[in-house]
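Residue numbers (the numbering used here): 26 to 330.
Structure first, commentary second.
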């Protein structure tokens, strides 16, 4: 969203601006992975592995960028607007905060919304695990274990950031063979454990296959450090949805606890005595009943042949 708008001069520029216009259904969120000015080998390998997991919805900056996101976010906001990325992962290393990652800071109107700083205590890369890997662009299944993701506000925001970062594109249908990649996050004893698994479908002798998990990397042992969270008002404003996306309320339709749909129909009052039924022999009226309905008039005799 820019304050000044210039009319495009070419069709290519017009298509470029149309892609960046606000939409009712957002595009898949892209992430940019940035190395700090003093990133060591461990941080560089972490960024490369996360880029391999996130592709093709990621941009890896190969040059080092001297910046401190918690002190000045202008350079990150510039890169976000330039590469059209709403997420980023910044890696750095120093004596005070070794193997440092600033994870998934979301952008709202190209301004930083959330930032969470994590320290890498243990790292196993994709190269170290000699197993088969999932193909590029595979949508992962995300699993979160631990009460801290539901109790603590900082861990709750971290869970939301991780879902935004790794969720991938929104798909209308799912096939069983496509569920082959699992990202598992566990929060226990003040640490966050990230593990990656490949789903193997084995023969079980019935229609439902037997499922096994095979570790494929990368795996990270993380500890939470500093946080920069948006205020409740700004966070609520960023979650606001346009009216066109809100489901329209349907009249006279209700749902119970089990999801059953009930509908109410309004009809005029009916006279059940005039309701047409099937003409069965047992439902025919007797002569006495017809006589009573006619008000006592004698029925006409049938002519004899």
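For each residue, glycine too, the CB sits at the ideal point set by N, CA and C.
- Distance between residue 295 and residue 282, taken at the CA atoms: about 33 Å.
- DSSP places residue 104 outside any beta strand (DSSP E); the residue lies instead in the alpha helix (DSSP H), whose first and last residues are 99-108.
- Unbroken alpha helix (DSSP H) runs of no fewer than 4 residues, entirely contained in the segment 142-207, are found at 173-176, 178-191, following chain order.
- Of the candidates 86, 62, 46, 112, 112 places its Cα closest to the Cα of residue 54.
- CA-to-CA, the gap between residue 195 and residue 233 works out to about 26 Å.
- Linking residue 286 to residue 200 through their CA atoms gives a straight-line distance of about 28 Å.
- A residue is called buried once 16 or more other Cβ atoms fall within 10 Å of its Cβ, and residue 129 is buried on that count.
- Counting only the Cα atoms, residue 115 lies some 9 Å from residue 142.
- Here residue 77 really is in contact with residue 151; their C-beta atoms are around 6 Å apart, less than 8 Å.
- Annotation for residue 220: 209, 244 place their beta carbon closer than 6 Å to its own, counting only its chain and skipping 5 residues before and after.
- The segment 154-163 and the segment 76-95 touch, with no fewer than 3 CB-CB distances between them shorter than 8 Å.
- For residue 59, the uninterrupted beta strand (DSSP E) run begins and ends at 56-61, by DSSP.
- When the alpha-carbon of residue 250 is set against those of 123, 136, 176, the nearest one is in 123.
- It is roughly 52 Å from the alpha-carbon of residue 41 to the alpha-carbon of residue 291.
- Residue 233 carries a coil assignment under DSSP once its states are collapsed to helix, strand and coil.
- For residue 138, the three-state secondary structure derived from DSSP is coil.
- Between residue 206 and residue 246 a beta carbon distance of about 20 Å is seen, past the 8 Å cut, so the two are scored as non-contacting.
- Counting the other CB atoms within 10 Å of its CB gives residue 60 a total of 16 or more, which places it among the buried residues.
- Per DSSP, reduced to three states, the secondary structure at residue 96 is coil, with no helix or strand assignment.
- In the DSSP assignment, residue 75 falls within the unbroken alpha helix (DSSP H) covering 66-79.
- The bridge partners DSSP lists for residue 319 come to none.
- Scanning 99, 144, 64 for the CA closest to the CA of residue 216 turns up 144.
- Closest in C-alpha terms to residue 88, from the list 58, 103, 110, 97, comes 58.
- According to the DSSP assignment, residue 120 belongs to no alpha helix (DSSP H), since it is labelled neither H nor E.
- Annotation: the segment 279-307 contains the following complete segments of the beta strand (DSSP E) (minimum length 3 residues), in chain order: 286-288.
- Residue 239 is bridged by DSSP to 223.
- Scanning 171, 183, 74, 310 for the CA closest to the CA of residue 138 turns up 183.
- Under the DSSP definition of a beta bridge, residue 210 partners with 169, 219.
- In the DSSP assignment, residue 40 falls within the unbroken alpha helix (DSSP H) covering 36-44.
- Comparing alpha-carbon positions, the option among 204, 255, 44, 188 lying closest to residue 95 turns out to be 255.
- Around the CB of residue 277, fewer than 16 other CB atoms lie within 10 Å, so the residue is classed as exposed.
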